[in-house]
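Some notes on the structure that comes next.
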Amino acid sequence: MNIYSYITKVNDSGCPYLVKKETFKADGRKLYNSPDIVVGFIRDSLGIQDCAEEYLYSLCMDTKGHLIGCFEVSHGTVNASLISPREIFQKALMLGAVSIILTHNHPSGDPTPSDIDLHSTEQVKQAGEMIGIPLLDHLIVAKNCWISMKETNLL
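Numbers in this note's numbering are just positions in the sequence shown, counted from 1, shifted up by 30.
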């Protein structure tokens, strides 16, 4: 099954709409309910663990926990990437997602979340709770390791 990466564009009326950007081969029927499965998709399809700058992606899930699409939310610098709950949930709502997982890379090789990572994740979590699209996890990947904020009780 194909999983699509999307971007948003604005029509002549100023309304955003989704445009398919890339196609990934992934099993959309697979339950993405474990960090190991999600990290496998991240490494195999997104490849951000090898990038020299930070990239933040939002993975959108359906009611059964199947991956239905992903968005590049931010492309940052060697040690920073912007996280905006507004952009994350605008795209998730447009796709019909009922939950999301965030992921970003740390080019330094150390997946330990920074204070900014923790604060931004908490903002996204609170926004998701308010609109009914829960943040299931935030995974930080590095070249040879990764961390799940949920599994380490940081979410």
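Backbone N, C-alpha and C define an ideal beta-carbon position, used for all residues, glycine too.
| Asked | Found |
| --- | --- |
| Cutoff 7 angstroms; reference Ser129; Cβ partners in own chain excluding five residues on either side | Met91, Ile163, Pro164 and Leu166 |
| Runs of alpha helix (DSSP H) lying entirely within the segment 112-177, each at least 4 residues, in chain order | 115-125 and 145-161 |
| Buried or exposed by the 16-neighbour rule on C-beta atoms within 10 Å, applied to Asn135 | buried |
| Counted within 10 angstroms of its Cβ, other Cβ atoms place Asp147 as buried (16 or more) or exposed | buried |
| First through last residue of the beta strand (DSSP E) which encompasses Ile98 | Leu97 to His105 |
| Beta-carbon proximity check, Leu112 vs Lys155, cutoff 8 angstroms | no |
| Closest Cα partner of Glu84 within the set Thr182, Lys180 and Pro137 | Pro137 |
| Member of Lys39, Val49 and Val68 whose CA lies at the smallest distance from the CA of Lys180 | Val68 |
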